[in-house]
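Below: one structure, written as structure tokens.
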Amino acid sequence: MQNIDWGTILKLAFQSIGVVYGDIGTSPLYVLPGIFPNGIKHNDDLLGVLSLIIYTLTLITLIKYVFIVLSANDNGDGGTFALYSLICRYAKVGFIPNHQAEDKDVSNYRLDAPNRRLSRASAVKSMLENSRFAKYLLLLITMLGTSMVIGDGILTPCISVLSAVGGIREAAKNLNDDKVMWISVVILFLLFQVQRFGTDKVGYSFAPILTIWFIFIGSIGIFNFVKHDPTVIKALNPMYIVHYFMRNKKDAWISLGGVVLCLTGSEALFADLGHFNVRSIQISTCTIVFPSIILAYTGQAAYLRKHNLDATDAFYKSVPVPVYWPMFVVAVLAAIIASQSLISATFSIVQQSLALGCFPKVKVVHTSSTYKGQVYIPEINFLLMFACIGVTLGFKNTLTIGNAYGLAVVFVMSLTSSLLVLVMIMIWKTNFFLIITYVLTIMLLELLYLSSVLYKFVDGGYLPLIFAAFMMSVMYTWNYVYRKKYLYDLENKVTIQKLKEIASDPEIRRLPGLAVFYSELVQGISPIFTHYIANVPALHSILLFVSIKFLPISKVPPEERFLFRRVQPHELAIFRCVVRYGYTEERMDGEHFEEMLVGRLKEFIIEECNNFGTEQIERPGEIVLQANASDCDEDDEVVLPRINDEEVARELLLVDNECKDSGVTYFLGQNEVVASKESNSVKRIMINYAYNLLKRLLRQQEEVFAIPRKRLLKVGMTYEL
1 MQNIDWGTIL KLAFQSIGVV YGDIGTSPLY VLPGIFPNGI KHNDDLLGVL
51 SLIIYTLTLI TLIKYVFIVL SANDNGDGGT FALYSLICRY AKVGFIPNHQ
101 AEDKDVSNYR LDAPNRRLSR ASAVKSMLEN SRFAKYLLLL ITMLGTSMVI
151 GDGILTPCIS VLSAVGGIRE AAKNLNDDKV MWISVVILFL LFQVQRFGTD
201 KVGYSFAPIL TIWFIFIGSI GIFNFVKHDP TVIKALNPMY IVHYFMRNKK
251 DAWISLGGVV LCLTGSEALF ADLGHFNVRS IQISTCTIVF PSIILAYTGQ
301 AAYLRKHNLD ATDAFYKSVP VPVYWPMFVV AVLAAIIASQ SLISATFSIV
351 QQSLALGCFP KVKVVHTSST YKGQVYIPEI NFLLMFACIG VTLGFKNTLT
401 IGNAYGLAVV FVMSLTSSLL VLVMIMIWKT NFFLIITYVL TIMLLELLYL
451 SSVLYKFVDG GYLPLIFAAF MMSVMYTWNY VYRKKYLYDL ENKVTIQKLK
501 EIASDPEIRR LPGLAVFYSE LVQGISPIFT HYIANVPALH SILLFVSIKF
551 LPISKVPPEE RFLFRRVQPH ELAIFRCVVR YGYTEERMDG EHFEEMLVGR
601 LKEFIIEECN NFGTEQIERP GEIVLQANAS DCDEDDEVVL PRINDEEVAR
651 ELLLVDNECK DSGVTYFLGQ NEVVASKESN SVKRIMINYA YNLLKRLLRQ
701 QEEVFAIPRK RLLKVGMTYE L
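1 is the number of the first residue of the sequence shown in the UniProt record's numbering; add one for each residue after it.
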């Protein structure tokens with residue numbers, strides 16, 4: 001991970017307050033009303049519930065997320081796909097066969113291999129690699145976790161804004177649910193309009209407001225604790241939880257669906273990690289966020305011990321009258337900000353899933369040149385906005401949304417724990433006793449909460465599952481066709497021998513200029529090339545086959561990004577290049593990419609000459625530097641030329657002249673995908689309708705690559721899968 005000075009860490013810690021903690025920070029607005037929707041039956045129930053909240057926040061938010069899960073980051077990036085990428089690097093569980101020996105030479109790719117003393121790690125790794133079912137299960141768990149976080153991003157703004165705006169009824173009794181709903185809709189619409197300014201600006205704008213919010217709720221909590229009932233400190237004794245369950249039995253278990261809402265936003269601490277760093281999240285949580293939230297719940301419990309009938313509106317009823325209006329204004333602002341944590345988290349995980357071929361092509365805008373992980377995705381922003389407004393108009397109140405929200409929160413946490421246990425076993429090689437302790441405490445507690453929220457399935461709990469089912473169907477459809485296309489290209493790739501025959505054919509004209517053929521295929525040349533030659537028998541003076549590849553790591557050092565090879569014989573001037581990115585990186589596009597590509601090509605030509613006879617190795621049909629040795633076609637003949645300085649100078653001059661005089665021409669495949677005739681009806685629907693609809697609705701390749709249209713040629717080809 002990159003070393004960051006303490007000044008920057010403290011700035012990030014302050015900024016994170018405005019982005020990460022809004023959701024968990026505003027949970028005191030709606031947690032106790034969700035636990036006691038029918039009122040308080042016994043005064044000591046408040047002690048049991050407060051004890052539940054304190055120990056739940058301590059075990060899951062503080063211990064699990066802040067001190068354990070944050071350590072499972074992938075070079076500073078968090079979220080479901082970060083855990084998945086760690087597992088993919090350690091074990092070959094991916095479905096796309098694009099592994100290259102050189103990938104392991106990337107400086108931040110390596111992981112410690114299991115040793116003989118810990119055969120458990122080897123056994124689990126072997127099981128994952130040899131079981132197709134295990135690979136699919138791991139992929140589906142990752143997709144489900146991602147879909148649930150997106151569902152959180154939809155429900156968080158709804159429940160936070162509705163809860164805060166509803167407080168105005170304390171002063172304006174004539175406001176009904178419909179008026180509160182419409183005010184909330186307007187606020188939500190404005191919230192999503194500011195996302196385009198990026199996490200950096202939004203964080204600095206929101207952080208002071210949320211800091212004031214935490215000071216307010218902490219101070220009011222202390223005031224209520226001292227004024228109403230300091231004896232609630234007894235809730236630190238977990239026996240009050242036992243007594244609570246003994247008194248209420250099934251009702252106590254059902255009420256866990258309300259208790260779990262105190263954890264809302266905990267997953268954002270991990271998912272938003274790429275926007276900040278581990279140390280900044282730990283500092284802001286331990287110094288400001290966690291103490292303030294605990295004090296807020298303690299103060300509410302102390303107030304309700306004297307005013308049992310106010311349970312359905314515990315937050316605003318417990319606010320002292322002189323500070324009601326300032327508190328209301330800050331609460332509304334904090335609720336608006338609360339939405340930011342899951343919105344930012346959604347952008348991050350969609351970017352990660354996009355890079356790993358699990359999401360349709362959308363535009364990723366990197367909003368900060370200083371902090372590389374901060375992104376904005378316009379299409380996702382509009383999707384979240386319309387979904388939020390739809391849920392708010394449909395449900396109107398926080399009780400039903402709370403049931404849905406609880407299910408989404410616990411589902412994501414349980415899935416994160418499942419992946420984390422795999423990381424503990426395979427990668428960290430954690431002591432077996434500690435793994436069992438984690439499973440029997442934190443993971444078991446999450447499953448208990450999950451059983452409770454599932455009880456409220458018909459009362460709104462179905463909502464996040466509908467969202468998740470929709471998002472998973474989109475992600476799986478895209479990933480399925482993406483894999484099938486890649487395998488088709490791999491099976492029908494152009495061999496090096498065939499490429500040499502085409503380039504050496506005297507009937508094929510060589511035009512001035514440099515041609516860049518884009519392809520997703522890493523091992524070989526895409527069959528689109530032969531499709532082009534069959535229709536246009538002409539090639540440019542210099543051919544460069546470029547593959548964009550995303551490694552299962554968050555970042556690739558810039559000096560290790562380009563991987564060049566030369567196709568022999570030397571005079572053909574044909575090169576192959578794999579451009580490697582991490583899944584959180586901004587892809588170079590347009591003129592900047594062209595400049596870097598040509599510059600690195602010239603460096604490769606010079607380095608190839610300098611290392612001749614020492615660093616070069618024989619490969620059929622290609623000559624590559626030792627550091628770049630990789631896959632080739634075994635049936636092709638070996639031709640190793642001798643390169644001298646004069647030839648290098650001539651080739652460098654050729655590259656400069658062709659780029660300057662004739663320019664760079666880009667070739668992209670315009671793929672049409674249809675299901676083969678023998679496909680079943682499910683496969684036909686998935687490919688012919690679902691995939692092609694997504695492809696038409698979302699961005700095309702040239703938009704994603706930002707290729708100048710005047711220098712773009714599309715080659716049409718139909719895939720029968």
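Every residue, glycine too, gets a C-beta built ideally from N, C-alpha and C. All of these numbers come straight from a predicted model, not from anything done at the bench.
- The C-alpha of I150 lies about 21 Å from the C-alpha of Y480.
- Put simply, of A334, V186 and S280 the residue whose alpha carbon is nearest the alpha carbon of F386 is V186.
- Pairing V410 with L447, the inter-Cα distance amounts to about 8 Å.
- Ranked by how close their Cα comes to the Cα of L652, the residues L444, K602 and L697 have K602 in first place.
- At a Cβ-Cβ threshold of 8 Å, Y297 and P37 do not count as neighbours.
- From the listed residues E585, A331 and I283, the smallest Cα separation to Q15 is found for I283.
- Look at P326 here: in three-state DSSP terms it is helix.
- DSSP places T584 outside any alpha helix (DSSP H), giving it a letter other than H or E.
- Residue environment analysis places P326 among the exposed positions, since fewer than 16 neighbouring C-beta atoms fall within 10 angstroms of its C-beta.
- In the structure shown, L144 adopts helical secondary structure according to DSSP, grouped into three states.
- By the C-beta criterion, the region 409-425 is judged not to be in contact with the region 215-223, since fewer than 3 inter-stretch pairs fall below 8 Å.
- Within the same chain, and ignoring the five residues on either side of C358 in sequence, the residues whose Cβ sits closer than 6 Å to its Cβ are M475 and N479.
- Contact between the region 515-532 and the region 659-673 is present, with at least three C-beta pairs closer than 8 Å.
- With distances taken between CA atoms, P238 lies nearest to L50 out of L50, R576 and G34.
- C-alpha of W213 to C-alpha of F276: approximately 21 Å in a straight line.
- Rounded to the nearest whole angstrom, the CA to CA distance from S119 to F133 is 22 Å.
- Segment contact: the region 484-503 against the region 512-532, three or more CB-CB distances shorter than 8 Å; contact assigned.
- Boundaries of the beta strand (DSSP E) around I548: A538 to F550.
- With contacts defined by Cβ atoms closer than 8 Å, L83 and L445 do not form a contacting pair.
- For the pair F206 and G18, the CB atoms are nearer than the 8 Å cut-off.
- Leaving aside the five residues that flank L59 on each side, the residues in its chain whose CB is nearer than 6 Å to its CB run, in chain order, I442.
- In this structure, the beta-carbon distance from V66 to L269 falls below 8 Å.
- Residue pairing from DSSP places L712 in a beta bridge opposite Y666.
- Judged by beta-carbon spacing, K125 lies beyond the 8 Å limit of F95, meaning their Cβ atoms are not closer than that value.
- As a beta-bridge residue in DSSP terms, A515 pairs with L543 and T665.
- For L563, the beta-bridge partners assigned by DSSP are V578.
- With 16 or more other CB atoms across the displayed protein chains lying within 10 angstroms of its CB, M148 is buried.
- Bridge partners of V365 according to DSSP: Y376.
- Note on the region 399-476: whole alpha helix (DSSP H) runs with a minimum of 4 residues are 432-438 and 444-455, in chain order.
- A distance of 8 Å or more separates the beta carbons of I9 and L191.
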